[in-house]
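Each remark here refers to the structure printed beneath this line.
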Amino acid sequence: METTPGAEPVPARKEPAGGARRLRLYARPVLIGGIVLAVVGAVLLLVVTGLDAFNATVYSVGGKSISDATAEAQSLRDQFQGARAIGLAVLIVGAVAIVGSAIALYATRSLVAEDDGDDLGYDELAGE
0 METTPGAEPV PARKEPAGGA RRLRLYARPV LIGGIVLAVV GAVLLLVVTG LDAFNATVYS
60 VGGKSISDAT AEAQSLRDQF QGARAIGLAV LIVGAVAIVG SAIALYATRS LVAEDDGDDL
120 GYDELAGE
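Here numbering that gives the first Met the number 0 is used: position 42 in the sequence shown is 41, and no number is missing along the way.
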């Protein structure tokens with residue numbers, strides 16, 4: 000019985016486990032969502048900081064200081080605390096989602112289908 004020299008069977012690529020495949024499937028959308036959340040949280044914090052600075056500037060025009068111990072100054076300082084806390088929480092959740100999905104994508108990078116090397120040139124695509 001003869002064997003052909005180039006006919007050795009190519010070992011099949013190890014099929015990924017169900018958990019790893021599912022992790023890779025959800026990692027990219029979570030990464031995109033994390034980026035969106037981080038950007039929204041950062042923009043919210045910037046807007047709140049700008050509004051807070053504007054209020055402090057307007058309040059100090061009359062000769063008052065925003066750091067006074069008066070009730071009015073205290074209420075101006077605390078006016079945006081809720082929005083600041085929400086912006087920080089959204090930023091942290093977005094950052095955790097980015098880091099987690101980046102780790103998942105990196106850990107499952109070997110599951111990506113390999114290039115078969117069958118690239119088409121311009122002439123082939125144009126039908127020439």
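Even for Gly, the Cβ is constructed at its ideal location relative to N, Cα and C.
The model shown is predicted, which means the values in this text are computed figures rather than measured ones.
- By the 16-neighbour rule on beta-carbons within 10 angstroms, S74 is exposed.
- Per the coordinates, the alpha-carbon of A96 lies some 33 Å from the alpha-carbon of F53.
- Here the C-alpha atom of S64 lies approximately 8 Å from the C-alpha atom of A55.
- Rounded to whole angstroms, the Cβ separation of G81 and G40 is 14 Å, and the two are not in contact under 8 Å.
- A direct Cα-Cα distance of roughly 22 Å separates G33 from V111.
- About 4 Å separates the beta carbons of V29 and S100, which is inside the 8 Å limit, making them a contact pair.
- From the listed residues Q78, D117, E71, the smallest Cα separation to T48 is found for Q78.
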